[in-house]
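Chains as they are written, first to last, in this note's numbering: chain S, 1185 to 1946; chain R, 1185 to 1946.
Written out below as structure tokens is the structure these notes cover.
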């Protein structure tokens, strides 16, 4: 019965062919489809029993048409129908006509109607099924493409602010062909390469940049951060090696030492003649650094201080520069005079001779391979009663006088320690700026790739760039907007730091801690998205994302564990910047909790809780109110909760512990409000109107994606209703869609040197 | 005026000392505190002007007491007061008494009252300030410790199910001292080491385990998955190298080939005499594998098939075993006969001779270093018209007959392709099981470390294990519960796969795709938490977490990009398992959308939306209803949305694109419901009552943490109100707190060989 010429001999049956083809071509027939088709065939009075049998043979799943038959059908259909038909039945009619004009005329309107009814019942939308027979298929999704018209260079200048010249100078050095990427694999090779590159940076004057002119520097602290940030486009081991030497080791001598130490050390530190370390963390004391156990015992007899590691796990650990290159270290140790413990101070202690031989009494172990940053030689250090001259105590905050008496302008050991730490807050500025640069680099690679990489497409249409897919946009566009937002807040933090006074020092320390935590978490999450968004390509070392991910992963830990930091930020918010930052002692918080007057909280706006119009959703004022509302209410709730727990007799330590999650959110809400405000502030100050529409969109996308992330909180609180959070989700999608065309240009704004985008895919 | 003996000479003034000490010891005095203290001093009629001046000198922030003075005060206080006092004033009174009994008697109740009033105003809670003078300070937080009493071994047996013997056999091999970890660093060394270990595994019979007995195997597919999973405790490069050889290469020959291929290849594959590859992915076609471009052209003349790479970017990429060891490959290519394209089929193609020399026409490039899995030699392969005998076409689903005609029982090329892929679903079982093993290993290391690692503590109390902190519990305990939940669902998936029929094949493919995506995302997120939760230690290579993270990162991409897979799962849910899985063609979905009757959705329970009692929150029935409700409503909303968009004239491709985010959530909600149900099912079947309380808690923690994650959705929908989601958050905290004592034992249940927990910190 299966007869390849049967259709040709009975051309009226072609009317059935398109439907038969479509149903077999892309699926196996379901019972319902079979039944509907069978009914259709049976209802046609104009075909006889034999023809009916012929057609019904194609309704048997046990005996489907052969692949060749299917292909022949397709060919037959394509030959007959040049133009787009309205439905499968009109296509069938055209087929009949093509083979036999007479029969076509015989197809009655009723017949066609019954076919169309069947089509509809089966669910074969004419537009969709038509695409099966077409070579081209354009969709809205297909049309999206890179076509931005905002002035890229002007936006770059805005981001660079006053630092353009310094940035260019750094980029010139790292773009030089001699500035190769260190080889990965062999640890020692990579470390030596990074060390050599660091020397080149020092030769270019970058190492001493922040130091006073008399020690070979430029006295330009802002420039130092710019250098750290710009170097981050190249290799993060290099940045950290650079930061350990000139930031941690150099700045500790600069900020904790006095004139005599500056004279003795700074020039050689800045030139990298004297490589050194920052030896604070101990194996047993990382976050709780106040508890460190290394001792520095003063001897009146010979005016020396003896540095000692009291037990194996009190060794200094993860110390950068220690495993191979460090010759001296700023060592943090408890100062003991006449058996009285004066708390933690800092001392310059030798580790190696200038030839690189270990000093007697110093034992160093290599930390070995790490997840990343393998160009940095981290080590453990033990001191076995290493004596140093009393002059090598860094005595900015406390010292030992000629009579061997301890002196300090700060009574409390605890407070002195945190005041000392406070001066080192620069690390919590350099790290987030480096982290953000890494995120920008990851986004540049992922967005460029996603703009080029095509995968899937409409039926018989071309494949479309993966950045045209909503899910891909949701992965990459909100982080792109956030990276802009963070850029301005880190510039703000830097400026605050450069102008800090006694009065706002605590606030700035909290701000730095919070932004460090927020930015590094952002970077970790963003690079994860970039890795997944670039698929297998993002897993290959040549495409840079693996190194970015591995290297920055520790950023969430060093310069302070993010979770611990965010709880400190919250405590600081609770005490309104009153107290020393970094102290985990709670007494000062009680003072606040006990005495705090009722805060005037922002009230809900009963109309706004349901507003979903675009004007409102895109109103920057609305965004700020929503962020402020959350910040205030979450802080006030935390204060009330702590007070209630303590009033109910809970130990304060327990009360703070069980509120830990709440406190982290207090810190995050504070930082998010600052980031939004500073983004808005930057936009307000933009003079070039041509930049504003894009910046406004980025600011809205940042704000709304944060609100979307926090929608559970807003809904719980009643600040928004479901209709509104749904509208916000939709607007996040819409803004991502609109910004897709600008995405590549928005990464060009970062102006990352091409050689640093080593990624083959970028 | 500052006179160190003034207090001694005026012992009544000791009454002020504790307050002065406390205020200076841990903070700098605020204006308010200064004012309150000054008022207190001035209001005391029993001190004269000189005494008043003496005291007031200590209220000057410009001239604080010296560090020595502060220390002396402390010593004085500690000497006098052995026992705990009720407040700073009673402590002061005790001090006065210690130095001069007479004066103590003179302190009037009114005086004491005024002091206590001041204390309260300042906010110095007696309990808290007292801790300053104590050496011990116990808190609820301090008391938490590992103290589990459920039968660990019995729970291990429950997890192992029928597979205990196989697991022990694998563990015996990987625990052998000869089974060292491969060196990291030099690529070639690591690859050769992993290859050698793979040979050892083959010698132990693991390679051929799943193959029929006639080819040296045991015909035990379930055992094969168990082996993959258990090996994952050792080294993931080894697992993937093993999986490439015996799973991808071996199973493709087994499932896509016929008897003749089994005879020709399986024995040598299982013994690793014949190393091979699975060459499907091309540079330009990864997710959209249907579009791959390699051709396999049949020549009637000499009955050969010629494999060809049409252009540079149509090369096979990321192919495991290709860069170094592979001698043959299952190559996926479009079969062309007489210029007709019959769609993608699979062919066995030689790459290298048994001596390892490349075959003529084959070009291979090394993919080089990757983020992880560097023990696997991935490569790119180009074929320049490599001819193979027609017999090496794997002809389970289609073939070429003796007349050179194509034959297949499946009409549509598209459907044939996805049917073929469907048989390879095993990879989407092996990968999530390996991923879960990696997560369990990470959790074991992180939880053991967090149970031992102490940091911070109550004032003057001992430091407490970091696992006692709420934030740390929230990081690690819900993932621990989820890892149990996933364990049972992956066992369920395995069983379904082993018993699959034509009827449920599509459902199982969707289940595998969804569980693969869900589990690998879970693993990536969990290992990130483990890394951060173990701080710097977690960044060191020796502590295993870096390798776990780097190696599993690609799991979210290979065997299918997770985001693409979750959208496929959603599409499959929309069509109720009717259609071939993996097809991105949408016609079949319209059929469903157009025809689907109204679904009977679960209705909200108006009382339950506000219920917050423990009985309800811990009710497994409530959890299942909440999960099912979400699954049904999110699916139904997606269907309605798609239908609306298409009815409004949107192209289906666009409609699916703009619904992408929604669809991913449809997939996730489905998988979460399955995971919860299977966990409950497993608990129901537990005979040993002693295991139930712990399993119930784990199931509740899993369920409630998922609901907490989705609370925005539940609140938007109105299924829960804010009071309830808040109560759920509290319960997640509470369950994590309660399970903290069991956490170490719950990781012991995984019974990971100690040598595999290479982590120094574990």
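Where is the CB? At the ideal position from N, CA and C, for every residue including glycine.
Given the structure is predicted, the values throughout are model-derived calculations rather than measurements.
- The beta carbon of residue 1854/S is closer than 7 angstroms to those of 1698, 1753, 1757, 1815 in its chain, skipping five residues each way along the sequence.
- For residue 1490/R, the three-state secondary structure derived from DSSP is strand.
- Interface with chain R (7 angstroms Cβ-Cβ cutoff): residue 1554/S is included.
- At the C-beta level, residue 1420/S and residue 1737/S stay beyond 7 angstroms of one another.
- When the beta-carbon positions are compared, residue 1394/R and residue 1455/R stay at least 7 angstroms from each other.
- Separation of the CB atoms of residue 1848/S and residue 1918/S is rounded to 31 angstroms, and the pair is thereby denied contact status at 8 angstroms.
- The criterion of a C-beta distance shorter than 7 angstroms is not satisfied by residue 1532/S and residue 1585/S.
- Going by DSSP, residue 1717/S is part of the alpha helix (DSSP H) stretching over 1689 to 1717.
- Annotation: the continuous beta strand (DSSP E) that includes residue 1481/S extends over 1479 to 1483.
- At least one beta carbon of chain S lies nearer than 7 angstroms to the beta carbon of residue 1738/R.
- For residue 1559/S, the secondary structure class from DSSP, reduced to helix, strand or coil, is coil.
- Between the stretch 1871 to 1885 of chain S and the stretch 1662 to 1680 of chain S there are three or more C-beta pairs closer than 8 angstroms, enough to call the two in contact.
- Taken through DSSP and simplified to helix, strand or coil, residue 1811/R comes out as helix.
- Per DSSP, the unbroken beta strand (DSSP E) holding residue 1461/S starts and ends at 1460 to 1463.
- The alpha-carbon of residue 1868/R is positioned some 14 angstroms away from that of residue 1808/R.
- For the C-beta of residue 1733/R, the chain S residues within less than 8 angstroms are, from N- to C-terminus, 1555, 1737.
- Looking at the DSSP output, residue 1726/R shares a beta bridge with no other residue.
- For residue 1513/R, no alpha helix (DSSP H) encloses it; the enclosing beta strand (DSSP E) starts and ends at 1512 to 1521.
- No residue range can be given for residue 1271/S, since it is assigned to no alpha helix (DSSP H) and is classified by DSSP as neither H nor E.
- Residue 1939/R and residue 1629/R have their alpha carbons spaced roughly 12 angstroms apart.
- Of all residues in the stretch 1832 to 1866 of chain S, the ones placed with a Cβ closer than 7 angstroms to any Cβ belonging to chain R are 1835, 1836, 1837, 1838, 1841, 1842, 1844, 1845, 1848, in chain order.
- With its beta carbon at least 7 angstroms from every one in chain S, residue 1904/R lies outside the interface.
- Interface criterion not met: the Cβ of residue 1869/R is under 7 angstroms from no Cβ in chain S.
- For residue 1371/S, the chain R residues whose Cβ falls inside 9 angstroms of its Cβ are 1369, in order along the chain.
- Using a CB distance cut-off of 7 angstroms, residue 1472/R counts as an interface residue toward chain S.
- Segment contact: the stretch 1357 to 1374 of chain S against the stretch 1358 to 1370 of chain R, three or more CB-CB distances shorter than 8 angstroms; contact assigned.
- Boundaries of the beta strand (DSSP E) harbouring residue 1547/R: 1546 to 1550, taken from the DSSP string.
- For the options 1677/S, 1701/S, 1704/S, 1702/S, the alpha carbon positioned closest to that of residue 1691/S is the one of 1677/S.
- Cβ-Cβ distances below 8 angstroms link residue 1920/R to 1654, 1657, 1658, 1661, 1662, 1885 in the same chain, with the five nearest sequence neighbours on each side left out; the list follows chain order.
- Pairing residue 1643/S with residue 1530/R, the inter-Cα distance amounts to about 24 angstroms.
- Residues of the same chain with a CB within less than 6 angstroms of the CB of residue 1439/S, apart from the 5 flanking positions on each side, are 1607 in chain order.
- For the pair of segments examined, the stretch 1477 to 1497 of chain S was found not to touch the stretch 1443 to 1460 of chain S: the number of CB pairs separated by less than 8 angstroms stays below three.
- By DSSP's assignment, residue 1584/R forms a beta bridge with 1590/R.
- In summary, residue 1902/R is exposed, with fewer than 16 beta-carbon neighbours lying within 10 Å of its beta-carbon over all protein chains present.
- The beta carbon of residue 1674/S sits closer than 8 angstroms to those of 1613, 1616, 1617, 1620, 1699, 1703, all from its chain and outside the five residues before and after it, given in chain order.
- Rounded to the nearest angstrom, the gap between the Cα atoms of residue 1715/S and residue 1331/R is 41 angstroms.
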